[in-house]
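Engineer: Protein chains in written order, with full-length UniProt numbering: chain A, 1 to 334; chain B, 1 to 334.
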Amino acid sequence: MSVSGVALPDARVLRYLGVRVLQVIPTILAIVVLNFFFLRLAPGDLAEVIAGEAGSASPEYMAILRQQFGLDQSIWVQFTKYLTELAQLNLGYSFRNSLPVLDLIVSRAPNTALLMLSSLLIAVVLGVLFGAISAQWRGKWPDGVISALSTVGFATPLFWVGLMLIVLFSVELRWLPAGGMQDLEHSYTGFAHMLDVARHMVLPVFSLAFFYIAIYTRLTRSAMLEVQELDFVRTARAKGLNPLPVTLRHVLRNALLPIVTMTGLQLGALLSGSVVIETVFAWPGMGRLAFDAVFQRDINLLLGVLFFSSFLVIVSNLVTDLVYALLDPRIDIR
Amino acid sequence: MTAHASPAVLDVADLTVRFRTPTGLLTAVDQLSFSVSAGETLAIVGESGCGKSVTAMALLRLLRSPPAEIGGRHVLFEGQDLLRLRERALRNIRGNRIAMIFQDPLSALNPVLTVGDQIIETLKRHTGLRGAAAHRRAVELLDLVRIPEPARRASDYPHRFSGGMRQRAMIAIALAASPAVLIADEPTTALDVTVQAQILKLLNSLQRELGMALILISHDLGVVAETADRVLVMYAGRKVEERSVLDLFAGPLHPYTRALMRARPRPEELREFLDEIPGIVPSLADLPPGCAFAPRCSVAYEACSATRPALLPSGDGGAVACIRAPLAAGGVVA
Ligand SMILES: Nc1ncnc2c1ncn2[C@@H]1O[C@H](COP(=O)(O)OP(=O)(O)OP(=O)(O)O)[C@@H](O)[C@H]1O
Ligand code: SF4
Ligand SMILES: [Mg+2]
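What follows is the structure, encoded as structure tokens:
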């Protein structure tokens with residue numbers, strides 16, 4: 001352990017993680033059960049959708065389809081089968097896409113991760129910056145402007161932000177592409193490809209980040225105002241420290257703790273936000289995959305996406321706890 | 001007029017602190033004057049809310065303004081008037097030439113920084129020490145305040161320290177830049193009795209070793225009797241009596257001081273002594289005219305409420321503000 005900075009992960013951290021993972025198993029089981037039975041409540045099934053598209057919904061054809069998809073068996077048989085396969089990490093087969101569910105998810109997950117993590121990064125950086133400025137100039141004009149903007153950020157629906165950004169930057173100004181992840185007319189490689197993806201990312205990332213910037217701004221502001229009143233800040237000022245070190249080392253450093261907690265809690269919401277954004281911007285991510293799966297009654301795929309997402313959220317909560325424990329020496333990791 | 005021979009290191013004249021509150025302007029410290037010289041301990045005593053902490057904070061202008069408004073003739077320190085010094089220059093004095101320790105060592109240390117780092121912070125700010133030299137000095141300071149295994153404890157976080165140890169760490173921070181004046185605002189109130197005695201002993205011996213002036217703010221006349229050279233008794237923001245510790249305990253002149261002494265607990269009972277003075281502390285927002293103590297004074301008569309009693313010399317180098325105090329000039333013995 002060094003004099004400054006945080007403790008490095010060691011055996012204690014690993015044991016702590018092990019315990020937390022065990023605690024998570026019942027949660028995952030509950031999610032699996034709920035997903036499975038809730039999705040069966042939706043009217044219609046894959047056979048109906050496919051038969052409808054084929055234009056021949058004869059009972060015989062549908063019966064053949066159902067038999068092929070395993071939909072003719074009782075729900076309990078289906079459930080047991082699902083669980084057994086899940087236990088072997090087999091997420092099933094998407095008959096609609098003629099691909100294993102896991103393959104589909106693995107091909108899409110990185111795109112969603114890119115979208116979410118970029119948005120989160122921007123939201124945290126800008127939100128903390130704005131919040132810190134707001135708190136520092138509390139009651140003065142910068143605080144007023146930032147508070148007004150964050151209220152707007154709170155009140156505006158995600159999809160509307162997305163649409164307005166498209167109208168402004170793609171349709172009117174023609175600066176940025178309105179959707180997709182890469183230019184379909186050219187197939188760039190290397191750096192040009194990265195640049196192309198980056199250009200496609202700007203609008204969806206900012207649309208998704210918009211709301212979260214507002215959240216982090218408010219959270220940072222209130223956390224900093226609260227910490228500013230604490231005794232150790234008075235100690236820091238009595239030491240003769242200049243205002244910037246007081247703000248950064250003492251106030252902000254402690255105000256980050258609730259921000260980390262908040263990030264953990266918000267990850268699920270961020271994931272569902274990205275479903276909306278992926279739909280608006282035709283972003284080829286998991287959200288988009290789930291969205292299509294719903295309309296196609298591709299239950300296997302939908303279950304897979306839901307399972308995978310819950311898994312992601314749980315893992316990120318674990319990571320959040322760990323980050324918190326590393327930032328706050330008062331948490332004893334045992 | 002004062003008994004101590006050496007020149008004052010800190011000289012406070014007519015210090016006045018007002019707070020602008022929603023309900024009006026209240027005067028928390030009213031024309032308070034005192035001075036301390038090197039190696040001397042001045043105790044400031046009085047009931048809760050009488051303005052002791054506000055006085056301490058006002059000396060270094062640590063009160064946030066608004067709501068605080070600090071005024072007065074001067075606060076002279078090393079040839080400079082702290083009341084009129086620019087904020088930047090004042091920061092060079094805070095924690096350096098004049099240091100402070102606070103009542104609650106639990107909350108006065110930053111929980112996410114190691115104790116060593118919090119000492120080093122002061123060293124870096126006010127001394128030329130950096131890196132390994134600063135670290136060595138921090139360990140020396142922990143040793144100076146009698147923390148066992150100082151090298152190891154330097155890299156501990158405050159929550160690993162007991163209350164007494166934390167207050168020692170606070171003292172180490174305060175002494176880091178070898179101040180000329182140490183202001184200790186109820187340094188032992190939050191600690192249990194045996195630890196209190198140890199901390200006081202430590203403060204006393206350090207003061208002697210380092211030749212500092214010590215301003216000791218306290219609730220507890222027992223603490224004062226053992227530690228102080230001179231005592232300033234405050235009531236409702238005003239000085240009501242100032243005497244050498246021997247004179248004060250031999251013959252308190254102000255009825256309020258006498259009430260404080262009567263209300264002192266026997267050593268074996270650990271009661272808060274101050275609740276025992278009949279009547280309640282008047283609201284600073286509307287003090288009675290004349291003597292502020294009149295509503296609770298057992299020897300008050302009409303003249304007490306007519307004009308505010310002037311602070312008069314008591315003949316032994318002290319001063320008292322009571323029209324019935326038995327002064328050499330011929331007061332009435334109550
Ligand atoms: N920020 C503030 N705004 C308004 N009034 C204040 C503020 N800070 C202190 N006061 C008032 O000033 C008065 C003196 O407070 P102070 O903290 O100096 O008391 P104290 O003598 O230190 O009491 P204690 O023994 O409880 O520490 C109190 O009546 C308090 O209400
Ligand atoms: S002036 Fe009057 S009221 Fe005030 S302390 Fe003296 S006797 Fe009591
Ligand atoms: Mg106080």
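Glycine included, each C-beta is placed from N, C-alpha and C at the ideal position.
(1) Would you check if the region 256–264 of chain A and the region 314–333 of chain A touch, i.e. whether three or more CB-CB distances between them fall below 8 Å?
(2) Of all Cβ atoms in chain B, is any one closer than 9 Å to the Cβ of Asn35(A)?
(3) For Met194(A), does the count of other Cβ atoms within 10 angstroms reach 16, so buried, or fall short, so exposed?
(4) Can you grab the Cα-Cα spacing for the pair Leu221(B) / Gly18(A), in whole Å?
(5) Below 9 Å between beta carbons: does that hold for Asn110(B) and Ala236(A)?
(6) With a threshold of 9 Å between beta-carbons, can Arg334(A) be considered close to chain B, or not?
(7) Assess contact between the region 208–219 of chain B and the region 154–163 of chain B, defined as three or more Cβ pairs (one per stretch) separated by less than 8 Å. Is contact present?
(8) Taking the alpha helix (DSSP H) that Lys140(A) falls in, what are its first and last residues?
(9) Cα separation between Asp11(B) and Val36(B)?
(10) Could you tell me whether the Cβ of Asp231(A) comes closer than 9 Å to any Cβ of chain B?
(11) If I measure Cβ to Cβ from Thr114(B) and keep anything under 6 Å in the same chain, skipping five residues before and after, which residues do I get?
(12) Any contact of the region 227–245 of chain B with the region 25–42 of chain B, i.e. 3+ C-beta pairs under 8 Å?
(13) Are the C-beta of His250(A) and some C-beta of chain B separated by less than 9 Å?
(14) Let me confirm a value: Val77(A) is counted as buried when at least 16 other C-beta atoms fall within 10 Å, else exposed. Which label applies?
(15) Just to confirm the assignment, what range does the alpha helix (DSSP H) spanning Val280(A) have?
(16) Cβ of Ile183(B) within 9 Å of Cβ of Leu85(B)?
(17) Alpha carbon to alpha carbon, how far is Leu99(A) from Tyr93(A)?
(18) Residues in its own chain within less than 7 Å of residue 392(A) by CB, not counting five upstream and five downstream?
(19) Residues of chain B with a CB under 8 Å from the CB of Thr80(A): which are they?
(20) Ala214(A): which of Ser107(A), Leu83(A), Pro157(A), Ala87(A) sits nearest, CA to CA?
(21) For Ala223(A), would you say it is in contact with chain B, using Cβ-to-Cβ distances shorter than 9 Å as the test?
(22) Identify, in the order they occur along the chain, each residue of the same chain with its Cβ nearer than 7 Å to the Cβ of Ala58(B), setting aside the five sequence neighbours on each side.
(23) Thinking C-alpha only, which one of Ile98(B), Val112(B), Gly39(B) is nearest Asn254(A)?
(24) Roughly how many whole angstroms lie between the Cα atoms of Ala174(B) and Tyr212(A)?
(25) Given a cut-off of 9 Å, decide if Phe281(A) and Ala178(A) are closer than it, judged by their beta-carbon atoms.
(26) By the 10 Å Cβ neighbour count, where 16 or more other Cβ atoms means buried, how is Pro148(B) classified, buried or exposed?
(27) Looking only at its own chain, which residues have a Cβ that is under 7 Å from the Cβ of Leu200(B), when we skip the five neighbours before and after it?
(28) For Asp321(A), which of helix, strand or coil comes out of DSSP?
(29) Mind the definition here: the region 168–188 of chain A touches the region 241–254 of chain A only if three or more C-beta pairs lie below 8 Å; say whether that holds.
(30) Quick check on DSSP: helix, strand or coil for Glu242(B)?
(31) Cβ of Gly163(B) within 8 Å of any heavy atom in ligand 2?
(32) Name the chain A residues that come within less than 8 Å of Thr122(B), Cβ to Cβ?
(33) From Phe273(B) to Gly46(B), what distance separates their C-alpha atoms?
(34) Can at least three beta-carbon pairs, one atom from the region 38–56 of chain B and one from the region 197–207 of chain A, be found at a separation below 8 Å?
(35) In angstroms, rounded to a whole number, what distance separates the CA positions of Ala43(B) and Leu244(A)?
(36) Give the secondary structure of Tyr82(A) by DSSP, where H, G and I count as helix, E and B as strand, and everything else as coil.
Structural biologist: Well, looking at it:
(1) yes
(2) Looking up residue 35(A) in the first sequence gives position 35. It does not: the Cβ of Asn35(A) has no partner Cβ on chain B nearer than 9 Å.
(3) Along the first sequence, read from residue 1 onward, the residue named residue 194(A) stands at position 194. So Met194(A) counts as exposed.
(4) For this step, residue 221(B) is matched to residue 221 along the second sequence. For this step, residue 18(A) is matched to residue 18 along the first sequence. Those two C-alpha atoms are separated by around 55 Å.
(5) Translated into the one-based positions of the second sequence, residue 110(B) becomes position 110. Translated into the one-based positions of the first sequence, residue 236(A) becomes position 236. Yes, the pair counts as a contact, with Cβ atoms nearer than the cut-off.
(6) Position 334 of the first sequence holds residue 334(A). In this prediction, Arg334(A) scores a pLDDT of 42, lower than 50, which makes its location untrustworthy; the coordinate-derived value is nonetheless stated afterwards. No, no contact with chain B.
(7) Contact between the region 208–219 of chain B and the region 154–163 of chain B is absent, with fewer than three C-beta pairs closer than 8 Å.
(8) By one-based count along the first sequence, residue 140(A) stands at place 140. Taken as a continuous stretch (DSSP letters only), Lys140(A) belongs to no alpha helix (DSSP H), as it is neither H nor E.
(9) For the purposes of this step, residue 11(B) is identified with residue 11 of the second sequence, where counting begins at 1. For the purposes of this step, residue 36(B) is identified with residue 36 of the second sequence, where counting begins at 1. When rounded, the separation of the alpha-carbon atoms in Asp11(B) and Val36(B) is 7 Å.
(10) As a first step, residue 231(A) is located in the first sequence; it is residue number 231 there, counting from the start. Output row for Asp231(A): interface = yes.
(11) For the purposes of this step, residue 114(B) is identified with residue 114 of the second sequence, where counting begins at 1. Result list for Thr114(B): Ser155, Tyr157, in chain order.
(12) yes
(13) Start at 1 with the first residue of the first sequence, and residue 250(A) comes out as number 250. Answer yes: the Cβ-Cβ gap between His250(A) and chain B drops below 9 Å somewhere.
(14) Start at 1 with the first residue of the first sequence, and residue 77(A) comes out as number 77. Under the 10 Å beta carbon count, Val77(A) is surrounded by fewer than 16 other beta carbons and is classified as exposed.
(15) Here residue 280(A) refers to the residue found at position 280 of the first sequence. Segment 253–280, the alpha helix (DSSP H) holding Val280(A).
(16) On the second sequence, position 183 is the one that residue 183(B) refers to. On the second sequence, position 85 is the one that residue 85(B) refers to. For the 9 Å CB-CB criterion, Ile183(B) and Leu85(B) do not form a contact.
(17) Here residue 99(A) corresponds to residue number 99 of the first sequence, with the count starting at 1. Here residue 93(A) corresponds to residue number 93 of the first sequence, with the count starting at 1. Put simply, the backbone Cα of Leu99(A) is about 6 Å away from that of Tyr93(A).
(18) Since the first residue of chain A shown is 1 and the last is 334, residue 392(A) is not available in this structure.
(19) For this step, residue 80(A) is matched to residue 80 along the first sequence. None at all; the shortest Cβ gap to chain B is about 50 Å.
(20) Taking the first residue of the first sequence as position 1, residue 214(A) is located at position 214. Here the closest residue by C-alpha is Pro157(A).
(21) The count along the first sequence starts at 1 and reaches residue 223(A) at position 223. No, Ala223(A) lies away from the interface with chain B (no Cβ there is under 9 Å from its Cβ).
(22) Here residue 58(B) refers to the residue found at position 58 when the second sequence is read from its first residue. Only Leu15, Val17, Val29, Ile70 meet the Cβ criterion.
(23) Numbered from 1 along the first sequence, position 254 holds the residue referred to as residue 254(A). Asn254(A) has its Cα closest to that of Val112(B), out of Ile98(B), Val112(B), Gly39(B).
(24) Here residue 174(B) corresponds to residue number 174 of the second sequence, with the count starting at 1. Here residue 212(A) corresponds to residue number 212 of the first sequence, with the count starting at 1. Going by the C-alpha atoms only, they are around 42 Å apart.
(25) Mapped onto the first sequence, residue 178(A) falls at position 178. Mapped onto the first sequence, residue 281(A) falls at position 281. Taking 9 Å as the Cβ cut-off, Ala178(A) and Phe281(A) qualify as a contacting pair.
(26) Position 148 of the second sequence, counted from the first residue, corresponds to residue 148(B). It is exposed - the Cβ of Pro148(B) has fewer than 16 other Cβ atoms within 10 Å.
(27) The count along the second sequence starts at 1 and reaches residue 200(B) at position 200. Closer than 7 Å at Cβ, skipping near neighbours: Thr188, Val223, Glu226, Thr227.
(28) Position 321 of the first sequence, counted from the start, is the residue given in the question as residue 321(A). In the structure shown, Asp321(A) sits in a helix (DSSP, three-state: H, G or I).
(29) Under the Cβ criterion (8 Å, minimum of three pairs), the region 168–188 of chain A does not count as touching the region 241–254 of chain A.
(30) Position 242 of the second sequence, counted from the first residue, corresponds to residue 242(B). In the structure shown, Glu242(B) adopts extended strand secondary structure according to DSSP, grouped into three states.
(31) Looking up residue 163(B) in the second sequence gives position 163. Incorrect: Gly163(B) has no Cβ contact closer than 8 Å to ligand 2.
(32) Walking along the second sequence from the start, residue 122(B) turns up at place 122. Ordered by position in chain A, the residues that pass the 8 Å Cβ test against Thr122(B) are Lys239, Gly240.
(33) The residue you call residue 273(B) lines up with position 273 of the second sequence. The residue you call residue 46(B) lines up with position 46 of the second sequence. Annotation note: pLDDT 45 at Phe273(B) (below 50); position unreliable, coordinate value reported separately. Phe273(B) and Gly46(B): Cα-Cα distance of roughly 11 Å.
(34) no
(35) Against the second sequence, residue 43(B) aligns to sequence position 43. Against the first sequence, residue 244(A) aligns to sequence position 244. Whole-angstrom Cα-Cα distance: 34 Å.
(36) Mapped onto the first sequence, residue 82(A) falls at position 82. It is helical.
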